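Novice: Mind looking over this structure? Questions follow.
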Amino acid sequence: MLSCRICLEEIKKPASLPCGIPDFSNTHHQVSDCFQGHIFCSECIVQTVKAVKPYTHMQPCPICRSLYNVAPINLNVVPPNLRQFITPSVRRLYIDETPVEEASETNGANGRPEPPSPTSELSRLRAENIALRNNCAMWRKRAEAHGAANLNLLNFVRAIRDQAATLARERQQLEQHCRVLKRKLEDDQISRSERALEELVKINPAPQGPEMPDLLADSLLFAPPPFQEFSQFIGPSPDKTPTPRKPASPQEISCLPLGDPDPTRPIKRMKIDHLLTATS
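Now the structure itself:
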């Protein structure tokens with residue numbers, strides 16, 4: 082018979098605390114029966130709870146010091162279909178002594194248990210060997226599946242790296258081709274501008290005469306337009322009398338910019354003395 086660890090006597094009205102390790106190996110019992118806590122006398126548990134001052138609903142187990150709740154659960158707040166699974170923290174146990182009697186019958190004359198027979202031991206070892214082989218086969222299949230998955234993942238990573246390298250090379254080639262096209266476009270624009278300049282010089286040749294030597298085409302093309310006097314639009318000043326203007330000479334008319342609507346309009350002569358000095 083079991084003895085109480087509190088009073089050190091034979092257990093009277095045994096009760097179990099919910100501080101044991103759950104045992105789910107027994108599938109023929111309910112879940113609440115799988116929890117096997119420490120067993121004490123019911124009266125000893127009550128005295129232990131009352132001895133704690135101040136009172137608290139969380140009490141430690143006298144053996145493992147695990148906390149358990151002694152407050153009862155109100156079944157009115159629990160649905161009826163779940164009430165059968167609600168068990169109190171301190172449960173009353175009913176110990177059956179029949180297995181002890183059967184075990185005593187199997188003992189020998191000297192009170193020692195008889196050793197198992199060789200046939201039963203051989204059967205047990207064979208069953209254990211078969212179970213180990215089945216487990217080895219199962220783990221071998223899992224290892225092969227895991228290895229195949231890793232191999233596929235490595236192949237996928239390798240393919241991604243190759244694709245990234247290919248894209249990088251294509252990008253470099255495209256950038257180089259773009260630079261070549263840009264340089265070619267700039268060269269085409271420069272050559273087109275030069276041809277347009279040559280055609281413009283051919284259409285509008287530089288004026289030649291005894292008073293004006295040959296000038297460079299660039300100096301005439303990019304020369305500023307001749308300055309014109311706009312005093313005729315402003316009006317004569319009160320202290321000065323307007324002077325009559327002489328008509329422009331043929332050389333001055335030829336120096337007019339293209340598109341002038343009135344080539345006979347008198348203009349001021351261009352200052353080309355420095356050009357004549359440079360050419361002489």
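Numbered per my numbering, the sequence shown spans residues 82 to 361. C-beta atoms are modelled at their ideal positions from N, C-alpha and C, and glycine is treated no differently. On a predicted model such as this, the values are computed, not experimentally measured, just so you know.
#1: Buried or exposed, going by whether 16 or more other CB atoms sit within 10 Å of the CB of S274?
#2: Kindly indicate which residue of Y175, E251, K222 has the alpha-carbon position closest to the one of L93.
#3: Grab me the residues of M139's own chain with a C-beta within less than 7 Å of its C-beta, minus the 5 sequence neighbours each way, in chain order.
#4: Could you check where the beta strand (DSSP E) with C122 kicks off and where it finishes?
#5: Who are N150's beta bridge partners in DSSP?
#6: Am I right that C145 and F121 are in contact with their C-beta atoms under 8 Å? What's the rounded C-beta distance?
#7: Assign Q309 to buried or exposed, taking buried as 16 or more other Cβ atoms, counted over all protein chains shown, within 10 Å of its Cβ.
#8: Under a three-way DSSP split, which group does E209 fall into?
#9: For P141 and E90, I'd like the C-alpha separation in whole angstroms.
#10: Under DSSP, the beta strand (DSSP E) around P95 begins and ends at which residues?
#11: Is it buried or exposed, P196, if we count other Cβ atoms within 10 angstroms and call 16 or more buried?
Specialist: In short, the structure shows the following:
#1: The residue labelled residue 274 in the question sits at position 193 within the sequence shown. S274 is exposed by the Cβ-count criterion.
#2: Looking up residue 93 in the sequence shown gives position 12. Here residue 93 turns out to be Lys, not Leu, going by the sequence shown. The candidate whose alpha carbon is nearest that of K93 is Y175.
#3: Taking the sequence shown and counting its residues from 1, one reaches residue 139 at position 58. If we look at M139 and ignore the five residues flanking it on each side, its Cβ neighbours are L148, N150.
#4: Start at 1 with the first residue of the sequence shown, and residue 122 comes out as number 41. Looking at the DSSP string, the run of the beta strand (DSSP E) that includes C122 is 120-122.
#5: As a working mapping, residue 150 is identified with position 69 in the sequence shown. M139.
#6: Translated into positions along the sequence shown, residue 145 becomes position 64. Translated into positions along the sequence shown, residue 121 becomes position 40. Not a contact, Cβ separation roughly 12 Å.
#7: Counting from 1 along the sequence shown, the entry for residue 309 is found at position 228. For Q309, the pLDDT reaches just 49, beneath the cut-off of 50, and the residue's location in the model is therefore unreliable, although a value from the coordinates is still provided. By the Cβ-count criterion, Q309 is exposed, with fewer than 16 other Cβ atoms from all chains shown falling within 10 Å of its own Cβ.
#8: Along the sequence shown, one-based indexing puts residue 209 at 128. Three-state result, E209: helix.
#9: For the purposes of this step, residue 141 is identified with residue 60 of the sequence shown, where counting begins at 1. For the purposes of this step, residue 90 is identified with residue 9 of the sequence shown, where counting begins at 1. If I take the Cα positions, the gap works out to 21 Å.
#10: By one-based count along the sequence shown, residue 95 stands at place 14. Segment 95-97, the beta strand (DSSP E) holding P95.
#11: If you number the sequence shown from 1, residue 196 lands on position 115. P196 comes out exposed.
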